[in-house]
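Novice: Here it is: the structure, laid out below.
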Ligand code: GLV
C-alpha cells in the first residue's frame, strides 16, 4: 500500500478493476482528492463517492498520482496536478477531472477530450477577489510598500526625508491590461471607476463595444500597450503561445517609470529578463504572484529590491477559496451523475464529452 493510503480507500476503490458492486451490493464509485482541502467539502464528496483524500497535503510524484488514480472515476485537482496523456493512458476508467482553479494549464484538455474525460475549472467565483489582489499588488509595487517596509524592519528609518520611497501615482495614470477576460475586465473597472485611470487593453480578440464602454477601456495593439502603460497588469491564460509573452524585447518598450504586475501564470513573463530590467531600473517596479517553475523563484528576483513577491495567493480570501472548492466539488458530483445538476456540471471546459 502506498504511504498514507488508507485500507478503506484501497478496498472501496475496488482496487484497479473499478468494480461497481460487491456480492450484489452496489458500491459507490471512487474519486481521488489530490490535495488537502476544506474537510466539509471532502464530506460533501463522501455523500456520493468513496473518497481517497490527501489531508497531509504531500505533493505526490507523478508515478504515485497515476497509481492512486487507479480505480478512480473522478479527481478533484488543483492547478499543479498534471492530468496529461500519460496519466490518462494509465487510467482509462477516469471520467472527470475537476480543478479548484480557474487556470487549467495542468490539464491536457485535447487528450482528455479524446478519451471522453470531462475537464472543469472554477471561473467567476474568484474574479473579484483576484482583481482586488492584482490591484493591491500593482499599488504595492507603484508605491514601494514592500521595499519601504523592509527598510523599516531593518531599523534603517532614522528620519523623514523629502524623496523617501517616492513612487508613482495610480490615480489618473494609464492602466494597461494584457488579457481582457473576466479578471482583466474586473481590474479595468476598478481602475476606471475607482481611480480615474485611463484604461487600455490588448487581447487576442477585441471586446464588444458595450463591455469596452462599461470598463471604459480602449483596445490597442500590444506594442502600444507596452509603450503607453504606466502600470501594466498581466492576466493572460498560460499556453505555448503566451510563453514569454513578456521578455527582454517587450520590457525594453516600457516606460522607465512603469510597473508590471503578473497575477496570471508563471512562464508568461521571462523572469530572468524581468529581474535584469528591474535591477537596471529599465522599469521602476514589479508585483509578482506567479513564477516560472514555482514554488522555486528565480534567485535574481529575490535580490532586487523593487519587486513585491507573493506566493500565488491572488484568489486567497476565505470566502473565495471556499467557493472555489465547492464549485470544484459541484462539478465532480454533477459530472459523475449525482446531485441537483446531475449530468450538467456548472463549468465544463470540454462540454462536447457530455452525453445528452
Ligand atoms: C489560480 O491561479 C487559478 O487559476 O485559480
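In the working numbering, the protein residues as written are 129 to 484.
No residue lacks a Cβ here, since even glycine has one placed at the ideal position from N, Cα and C.
1) Report, in whole angstroms, the separation of the C-beta atoms of residue 365 and residue 244, which I expect to be a contact under 8 angstroms.
2) Is residue 445 a contact residue of the ligand GLV, with contact defined as CB to any heavy atom under 7 angstroms?
3) Just how far apart, CA to CA, sit residue 157 and residue 203?
4) Using beta-carbon positions only, say whether residue 263 and residue 334 come within less than 8 angstroms of one another.
5) Check this for me: beta carbons of residue 360 and residue 386, under 8 angstroms apart or not?
6) For residue 438, which residues in the same chain have their Cβ closer than 6 angstroms to its Cβ, ignoring the five residues on either side in sequence?
7) Kindly list the residues whose CB is nearer than 8 angstroms to the CB of residue 133, restricted to its own chain and excluding five residues on each side of it in sequence; keep chain order.
8) The ligand GLV heavy atoms versus the CB of residue 322: any closer than 7 angstroms?
9) In angstroms with no decimal places, state the Cα-to-Cα distance between residue 476 and residue 248.
10) Check whether chain C comes within 8 angstroms of residue 159, counting only Cβ atoms and requiring the distance to be less than that.
11) Might you give, ordered along the chain, the residues of its own chain that have their beta carbon closer than 8 angstroms to the beta carbon of residue 324, omitting 5 neighbours on each side?
12) CB-CB under 7 angstroms to residue 147, same chain, minus the five flanking residues each way: which ones, in chain order?
13) What first and last residue would you give for the alpha helix (DSSP H) that runs through residue 302?
14) Looking at C-alpha atoms only, which residue of 432, 173, 212 is the closest neighbour of residue 402?
15) How many Å lie between residue 256 and residue 226 at the Cα?
16) Please state if the CB of residue 419 and the CB of residue 399 are separated by a distance shorter than 8 angstroms.
17) Starting from residue 326, follow the beta strand (DSSP E) in both directions and report where the run begins and ends.
Specialist: With the given structure in hand:
1) About 24 angstroms separates the two Cβ atoms, so there is no contact after all.
2) Here the distance from the Cβ of residue 445 to the nearest heavy atom of the ligand GLV is not below 7 angstroms.
3) 11 angstroms
4) no
5) yes
6) Contacts found: 417.
7) Annotation note: pLDDT 25 at residue 133 (below 50); position unreliable, coordinate value reported separately. Excluding positions up to five away in sequence, the list reads 180, 196.
8) no
9) 4 angstroms
10) Included in the structure is just one protein chain, with no chain C present.
11) 299, 300
12) Residue placement at residue 147 cannot be trusted, given a pLDDT of 45 that sits under 50; what the coordinates show is reported in the next sentence. Cβ neighbours of residue 147 beyond the five flanking positions: 155.
13) Here residue 302 belongs to no alpha helix (DSSP H); instead the beta strand (DSSP E) covers 302-306.
14) 432
15) Take the alpha-carbon of residue 256 and the one of residue 226: they are about 21 angstroms apart.
16) yes
17) Annotation: the continuous beta strand (DSSP E) that includes residue 326 extends over 326-330.
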